[in-house]
Each structure stands twice: as C-alpha cells, then as structure tokens.
Amino acid sequence: MKADHRLRYPQNSPKIYHLLILTIYKDDMEVIYRTVDSIAAQSEASSVIMVLAWESRTPDREQRTSLMQERYKDVFAHLLFTVHPYGLDNEVASKAANANWGLREAVKFMFVDQNHQNIDHFMVTTCDADTLFHPKYFESLTADYLVMLSKQDANIHRTIWQAPLFYNWNLDQSSFITRITGLLRTTMTMGLLIPYNVNPMSCFSFSLTLAIRGGYWHPQIFMDDVGYLLTMMIGTQQRIRIRCLPVPVRSGPTSGETWLKDMHEWYIQVRRWGLGKYYK
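Per my numbering, the very first residue in the sequence shown carries number 3; after that it's consecutive.
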C-alpha cells in the first residue's frame, strides 16, 4: 500500500502523539520484538509513545527492560516502562487491569513530567503482544483523526478505530482447524464487528479524551476489548461507534503443534476470555 495519508493532513494541523499500550506478562521476547519492530517501522514512529506495560510478576522483568531499552532507545518519541502491581484491591488479574494502570501512568508522565497541555493532541492504541502493524497504521489513523478534528466532528470522541484483523502468522504451516478459525475470525471482524458497530477486537485506537471521559479500562473486567467498549458507553453515557481504519493488522492465530493441541489452545483462549488473561 503506497498511499500517502499525510496528504490528507489539514494545513497547520497540530502534532498528534500516539500512546501505544502493549501489556506483557509471560510473552516470548521474540514475539514481542516482532511486534515492536513493526511499530518502530511506522512512518509516524517519532510520534509514538511506546508504553511497555509489565506485570510485576513477569519473569526476568529487569533483564527484559534493559534489552528493550537498548534496542529501541532512539526510535520513539518516548519509551516508557510501567509495572502493574499484583493483588491491588478491586482488581482482577487481567490485561484490562494492566492496560488501565499503564495508560494512567503514561498520562501522568506526559501531562505532569512533560507538561503537555492539550489532551486533544493524543490518541491511544492497544494491541496484543503478537500483532504486526501495517507501516502506515499511525499515518492513516492520524489523517482520519485530524480531518475529524478540523471539522469539529461531534463523533470524534465517541469513536473507536478498528483495522481489519488478519490471523495469518505462518498460516501456510498451520493445521486445517487453525486456517479455518483464522479465516472465520477475519471475516467476522470485517463483515460483522466493524460495519454493524458490534465491538472492537484485539487491536484498536481511540482518543485520549474518550479514555479519560469514560474512566480508562475497568480493572474488574477481564476482556480488554469488549470490556473497554462497555466501560466507555457506561462512563460517557453515549453510544460509541466503531470506525474502520483502512490498513491491515496481522495477528497470531490461536494454534498448537497438532490439531489436538489446536483444540487445547482454543480451550485456553476461551477460558482466558471468561476468566482473565493471567488466570492459571
């Protein structure tokens, strides 16, 4: 895709920063590297505030932090590391609770330590650890947001941007079950969830204004995508719409080494959806 989305930027438009919340627990470092490398390759990488949101129980957290600092120290606008404490009152162990903590810490950094003033100049993106972004994801997102901002579109802070998801990492090497479920999930995202305004999934973006008005993520809700939509609707007392972002995002399919392990991984995935990402 060679489209230059910057041509859509209105004249004299402000610089838009993107807070990217990547929650990490026991995820493999090679998977994390692939994800962050795809963010580092963005045409708008200098506008990204990369927030690596660790769980306090993450194994080898200090060593991992050092590796990430060395690898990405001069890539983004800022590289932040937050640590979500374990066992806080009124929380469940989940990605939503970690994302809630990480975003709040990042907001403190930008508006207290860095003394930024205008909340409308910030967007938030959340994703899974196994996500590959199109190189112009943030360029396309910035263009759409700036156009809405310049037009004073009333829906700008009632919108969640959702890119089409393709679950096709190593799909040619995957089992029949993994191929079919990956294709069905992609079709569901493009044909149902986005056009019928059902819910965001896995990787999505929104304005920081919406996040603050709605109360960030609710730390007692397990699912960070559907749960986020519900939290925003309840917090703002408004309908939230899903808007298609016309750039693809690739995600790792739920899979195992054999078709029986595929089924077991799906069991674990469904259990996580119901009981939380960090449930054992």
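Ideal placement from N, C-alpha and C gives every residue a C-beta, glycine not left out.
Original post:
If you draw a straight line from the alpha carbon of residue 99 to that of residue 82, how long is it in whole angstroms?
Top reply: 17 Å
Subject >> Sheet register partners of residue 57 (DSSP bridge) >> reply: 86
Subject >> Uninterrupted beta strand (DSSP E) stretches inside the region 67-136 (no shorter than 3 residues) >> reply: 80-86, 124-129 and 133-135
Subject >> Status (buried if at least 16 other CB within 10 Å, exposed otherwise) for residue 64 >> reply: exposed
Original post:
If we call anything under 7 Å between Cβ atoms a contact, is residue 213 one with residue 126?
Top reply: yes
Original post:
Are there three or more Cβ pairs, one per stretch, closer than 8 Å when the region 149-167 is compared with the region 23-42?
Top reply: no
**OP:** Give the single residue among 9, 111, 133 and 229 whose Cα lies nearest to the Cα of residue 124.
**Re:** 111
Subject >> Distance between beta carbons of residue 241 and residue 235, contact taken as under 8 Å >> reply: 7 Å
Original post:
By DSSP, does residue 52 sit in helix, in strand, or in coil?
Top reply: strand
**OP:** Assuming residue 204 and residue 253 form a contact by the criterion Cβ under 8 Å, report the distance between their Cβ atoms to the nearest whole angstrom.
**Re:** 6 Å
**OP:** Report yes or no: do three or more beta-carbon pairs, one from the region 50-57 and one from the region 79-98, lie closer than 8 Å?
**Re:** yes
Original post:
Within this structure, are the beta carbons of residue 221 and residue 102 separated by less than 7 Å?
Top reply: yes
Original post:
Between residue 7 and the rest of its own chain, which residues show a CB-CB distance below 7 Å, the 5 nearest in sequence each way excluded?
Top reply: 138, 141, 142 and 145
**OP:** To the nearest angstrom, report how far apart residue 119 and residue 113 are at their CA atoms.
**Re:** 7 Å
**OP:** Look up residue 247 in the DSSP assignment and say whether it is helix, strand or coil.
**Re:** coil
Original post:
Considering only C-alpha positions, which residue in the set 78, 164 and 216 is nearest to residue 198?
Top reply: 164
Original post:
Alpha carbon to alpha carbon, what distance is there between residue 150 and residue 232?
Top reply: 23 Å
**OP:** Output the distance between the C-alpha atoms of residue 194 and residue 187, rounded to the nearest integer angstrom.
**Re:** 10 Å
Original post:
Is it right to say residue 282 is buried, meaning 16 or more other beta carbons lie within 10 angstroms of its own, or is it exposed?
Top reply: Low confidence applies to residue 282: its pLDDT is 45, below 50, so where it sits in the model is not reliable, and the reading given next is rough at best. It counts as exposed.
**OP:** Give me the Cα-Cα distance between residue 89 and residue 27, rounded to the nearest whole angstrom.
**Re:** 15 Å
**OP:** Report the option in 94, 196, 80 and 159 whose CA atom is closest to the CA atom of residue 109.
**Re:** 80
Subject >> Contact under 7 Å by Cβ, residue 249 with residue 167 >> reply: no
Subject >> Alpha carbon of residue 76 to alpha carbon of residue 173, nearest angstrom >> reply: 33 Å
Subject >> Range of the contiguous beta strand (DSSP E) that encloses residue 208 >> reply: 206-209
**OP:** Could you say which of 92, 171 and 196 lies nearest to residue 37 if we only look at CA atoms?
**Re:** 171
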